[in-house]
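Taking it in order: structure first as structure tokens, then the write-up.
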Amino acid sequence: MSDRTPTNDRTPTLARRDALRLIGTAGALAAAAPLASAQTAPAATAAPTAMNGHGFYRQKIGNMTVTVLSDGTAPLAALLPTWGANPDRQAEFTQTLAEYHVPATNTVNHFNPVLVELDGQRILIDTGRGGAAGQLVTNLRRAGIEPDSVNTVFITHGHGDHIGGLTTAGKPTYPNAQHVMGEAEFNFWVTQATPNDAVKNNLIALKDRFRLIQPGQEIVPGLTTVPTPGHTANHLSVLAQSAGQGVMILGDAGGHFLISLKHQGAYVSFDTNGAQAAQTRQRIFNRIVTEGLWVTGYHFPFHAIGHLRRLNARSYEFEPTVWNWS
Ligand SMILES: [Zn+2]
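Structure below.
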């Protein structure tokens, strides 16, 4: 998706509802406390680890903890033609959506940044939309992670729904993090004659914090960029590896979780070069299956992490992993 994504004007309502829910939880805990301490003395003081599902989903992969964090959703009146844009294949895509019972209208678009914890380091891949719509920081905290504890932020590409959360009210959201991005992708956006607000407020404003790297280069030990051009000309996905296991964090190289996987040649309307994006998808999907990698897609429906299954030489399906509460 791009910075043209509409903002979610229902956020204040959601935030208020969440606040009420939290007050309710605190009240219930306070009421239960005397009973608990009467039965077990002394009471454990360690904070309980939050269960998966309240805006985040943690998965152990090798020695890594990979946490998919929802930045929330945006209303989507119609899935087509945005997520399957080929003008001559609309009937085919419509039929697939019906076959898989995926709503074609009155649905939502998901945004799923990913946090990798490895060797004491916290690396965040993409930052959500920021502003009033962005839910990433709220959901990071629900997972027990403070933004100032993030060591590295990597940006897959310069669209607003990936860079918008780099700053909050003009200040870096992740003040102690090194910011990393592909050099060609970064330069493309910051040298625009009239950069959009997301680029101005996030990439240009923080330009001195960025370390710019090349396709195939390491972000930190264990995390390597994978060139996946097409959605943008210099889009980079991330392969995170540990103890013989790996996860491909696709960013927008994943496209749509059903149409882009099932239909060779399908592209999305936000792809800069649709033909190249579709070609890249075939290559990366093939690699994911061949190497038995885990996979996560930025716009896949939450919890957005699992594996791919090959249907035939040109067609794949996403298999979300079986839900685990811990
Ligand atoms: Zn996007």
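Per mature numbering (1 follows the signal peptide of the UniProt record, and there is no 0): the sequence shown = residues -43 to -1, 1 to 283.
The C-beta atom is built at its ideal place from N, Cα and C for all residues, glycine as well.
Q. Is L218 helix, strand or coil by DSSP?
A. One-based indexing of the sequence shown puts residue 218 at position 261. In this structure, L218 counts as helix in the three-state DSSP scheme.
(Q) With a threshold of 8 Å, are at least 3 pairs of Cβ atoms found where one atom belongs to the segment 35 to 44 and the other to the segment 108 to 127? (A) Touching, no, given that fewer than three Cβ pairs across the two stretches are closer than 8 Å.
Q: Quick one: give me the first and last residue of the alpha helix (DSSP H) that N20 is part of.
A: What you label residue 20 is simply residue 63 of the sequence shown in a count that begins at 1. Per DSSP, N20 is not a residue of any alpha helix (DSSP H), being assigned neither H nor E.
Q.
Once the 5 residues before and after D228 are set aside, which same chain residues still bring their CB inside 7 Å of it?
A. Taking the first residue of the sequence shown as 1, we reach residue 228 at position 271. Taken in chain order, the residues that qualify are G187, H188, A234.
Q: Report buried or exposed for V204, applying the criterion of at least 16 other Cβ atoms within 10 angstroms of its Cβ.
A: Position 247 of the sequence shown, counted from the start, is the residue given in the question as residue 204. With 16 or more other Cβ atoms inside 10 Å of its own Cβ, V204 counts as buried.
**Q.** Option nearest L163 by Cα separation, candidates M138, L72, A150
**A.** On the sequence shown, residue 163 is found 206 positions in, with the first residue counted as 1. In terms of Cα proximity to L163, the closest of M138, L72, A150 is M138.
Q: Counting only runs of 3+ residues fully inside the segment 56 to 97, write out the beta strand (DSSP E) ranges in chain order.
A: The qualifying runs are 62 to 67, 71 to 75, 78 to 82.
Q: Mind reading off the beta-carbon distance from V252 to H264? Whole number of angstroms is fine, and I expect it under 8 Å.
A: Taking the first residue of the sequence shown as position 1, residue 252 is located at position 295. Taking the first residue of the sequence shown as position 1, residue 264 is located at position 307. At roughly 6 Å, the Cβ-Cβ gap stays under 8 Å, so V252 and H264 are in contact.
**Q.** Residue span of the alpha helix (DSSP H) that contains residue 288, given as start and end
**A.** For residue 288 there is no data in the structure shown, the boundaries of the chain being -43 and 283.
Q) In this structure, does DSSP put H119 in helix, strand or coil? A) Taking the sequence shown and counting its residues from 1, the one referred to as residue 119 is at position 162. Note: H119 maps to helix in three-state DSSP.
Q: Within 10 angstroms of the Cβ of E103, are there 16 or more other Cβ atoms? Answer buried if so, exposed if not.
A: Position 146 of the sequence shown, counting from 1, holds the residue named residue 103. Note on E103: under 16 other CB atoms within 10 angstroms of its CB, so exposed under the neighbour-count rule.
**Q.** As assigned by DSSP and simplified to three states, the class of N269
**A.** Sequence index remark: in the sequence shown, residue 269 carries index 312 (1-based). DSSP, reduced to helix, strand and coil, places N269 within a strand of the structure shown.
Q: Express the C-alpha separation of S194 and T237 in angstroms, rounding to a whole number.
A: Stepping through the sequence shown from its first residue, residue 237 is reached at position 280. Stepping through the sequence shown from its first residue, residue 194 is reached at position 237. For the pair T237 and S194, the Cα-to-Cα distance works out to about 11 Å.
Q. Just how far apart, CA to CA, sit T151 and L268?
A. To locate residue 151, count along the sequence shown from 1; it is residue 194. To locate residue 268, count along the sequence shown from 1; it is residue 311. Approximately 44 Å between the Cα atoms of the pair.
Q: Find out if the Cβ-Cβ distance for the pair V110, A134 is shorter than 8 Å.
A: On the sequence shown, position 153 is the one that residue 110 refers to. On the sequence shown, position 177 is the one that residue 134 refers to. In this structure, V110 sits near A134, with a CB-CB distance shorter than 8 Å.
Q) Do the CB positions of residue 284 and N159 come within less than 8 Å of each other? A) One cannot answer for residue 284 here, as it falls past the ends of the chain, which runs -43 to 283.
Q: Given a cut-off of 8 Å, decide if I80 and I18 are closer than it, judged by their beta-carbon atoms.
A: Reading the sequence shown from its first residue, position 61 is the one you call residue 18. Reading the sequence shown from its first residue, position 123 is the one you call residue 80. No, they are not a contact pair.
**Q.** Close-in-space but distant-in-sequence residues of the same chain around P(-38) (CB under 8 Å, 5 per side omitted)
**A.** Against the sequence shown, residue -38 aligns to sequence position 6. Only weak support exists for where P(-38) lies, its pLDDT of 43 falling under 50; the value from the coordinates is given anyway. Only A31, P32 meet the Cβ criterion.
**Q.** Residue closest to D76, alpha-carbon to alpha-carbon, out of V279, P178, I170, I206
**A.** In the sequence shown, residue 76 corresponds to position 119, counting from 1. Looking at V279, P178, I170, I206, the one whose alpha-carbon comes closest to that of D76 is P178.
Q. Taking C-alpha atoms, which residue in I170, N153, V23 lies nearest to L97?
A. The residue given as residue 97 occupies position 140 in the sequence shown. With respect to the C-alpha of L97, the residue from I170, N153, V23 having the closest C-alpha is V23.
Q: Report all residues from its chain with a CB closer than 8 Å to the CB of Y273; omit the five preceding and five following residues, and keep chain order.
A: As a first step, residue 273 is located in the sequence shown; it is residue number 316 there, counting from the start. So the list reads L218, K219, F242, V246, L265, R266, R267, once near-sequence residues are dropped.
Q | I216 versus Y14, A7, G12, W40, residue with shortest Cα-Cα distance | A | For the purposes of this step, residue 216 is taken as the residue at position 259 of the sequence shown. Closest option to I216, Cα to Cα, is W40.
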